[in-house]
Each structure stands twice: as structure tokens, then as C-alpha cells.
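With this note's numbering, the residue at position 147 of the sequence shown is 129, and numbering never jumps. Glycine included, every Cβ here is placed at the ideal spot set by N, Cα and C. Since we're looking at a predicted model, the values are computed, not measured.
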Amino acid sequence: MPKDTSPILSRRGFFATSGAAALTLAAPARAESHGDTFQFEIVRTEKEWREQLSGIEYGILREGRTEPPKSSPLWEETRPGAYHCKGCDLHSYDGIWKIVLDKGWVFFEHAVPNAVLFGIDGPVPEYGGMAGGPGTVPEVHCRRCGSHLGHHVFLSRKILHCINGYALDFKPAEA
Ligand SMILES: [Zn+2]
-17 MPKDTSPILS RRGFFATSGA AALTLAAPAR AESHGDTFQF EIVRTEKEWR EQLSGIEYGI
43 LREGRTEPPK SSPLWEETRP GAYHCKGCDL HSYDGIWKIV LDKGWVFFEH AVPNAVLFGI
103 DGPVPEYGGM AGGPGTVPEV HCRRCGSHLG HHVFLSRKIL HCINGYALDF KPAEA
């Protein structure tokens, strides 16, 4: 088992190697670590992110960690409404595409068009992956601020967005 220094969140292999560099960069770690010049619309310093986010939220959004299953109440939320990125408030998902699965994360069949982008992440222990082993997962991050939201996974015969509840703000529809 990979050594995990956090009692709450699990660190993915990818960020175990890139996290140190990310701490010194104002731009999101994923773009920098891939060596490209992609510029997200919203860029904050690490200090600004830490002031805006709780510890758990920072670990997920800015370090790519994964919350424990069922730790966020949003996993079983079924009311109609909108799900916004906690990093920049972009409307990213909608309740009409949400699926409740006992896995305990927040699953959607679709994102709001043009709201999320994909990166390469891998292997994720929560999905049966082993650190250092083969296999990667498509990583889902916010189009506007670059924050990590979750992953793209194949479950229940569908490709789904598997999103951390702590990465989202739920705004119930008006009754
Ligand atoms: Zn965002």
C-alpha cells in the first residue's frame, strides 16, 4: 500500500511526484507539470487558494486528492439543482445528469457543456489501481480555474464523471 500522510484524503501517485513543484507555482499544477503553456482563465496564488478553501477542499481541488466515500452529503443528493465548482463557482454539473451509486462519490452522466477539461491521472487506489502499476484514469478538472474535480470512470456500463462532493457547491433549484 502507498504511504499516505493524510488521515482524511488519499494522495494519488501523480501528485506525489509533482506536488512539490506545484507549491512554488501560482499556475495550476497540472498544466505546469505537463509542460504546456495552457493558461486557465482564473489563476490564484497558493496563499489565495488556502484562504478561500478549507483543508479538505484544498487537498482535493489543488492537490488532486480524493475524499473518502460517502464523506460528502452530496453523494446521495437527489434534489434538482446546479452543481458549481468550489474553486470558481462555474456551473459545472446539473442534477438532471446525476446518478446515485453506492460507491459514495458524486456521479454524473454529463457535465455542463464546456465546463470541464480532462487530464491524465493515474493509478487511483480507490478504483483498484496500484501505485506504480499500469493503468491511468482520465482526470476531470475545471475549465475555468483548473481545479481537480474527480475522474472519468466506467461504471454500471456507462462512462461517468466521478466527482468529489467537496469540490462542488450544490445550489437547489427554486421550488
Ligand atoms: Zn473552477
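Between residue 65 and residue 152 a beta carbon distance of about 6 Å is seen, short of the 8 Å cut, so the two are scored as contacting.
If the five residues before and after residue 58 are omitted, its C-beta is found closer than 7 Å to the C-beta atoms of 82, all from its own chain and listed in chain order. According to DSSP, residue 137 shares a beta bridge with 140.
Residue range 28 to 34 is occupied by the alpha helix (DSSP H) that includes residue 29. Residue 39: member of the alpha helix (DSSP H) spanning 37 to 43, first to last residue.
Chain order is used for the residues whose beta-carbon lies nearer than 6 Å to a heavy atom of ligand 1, namely 67, 69, 70, 72, 124, 126, 127, 129.
Residue 31 and residue 97 have their C-alpha atoms roughly 20 Å apart. Here residue 132 is not near residue 94, since their CB atoms are 9 Å or more apart.
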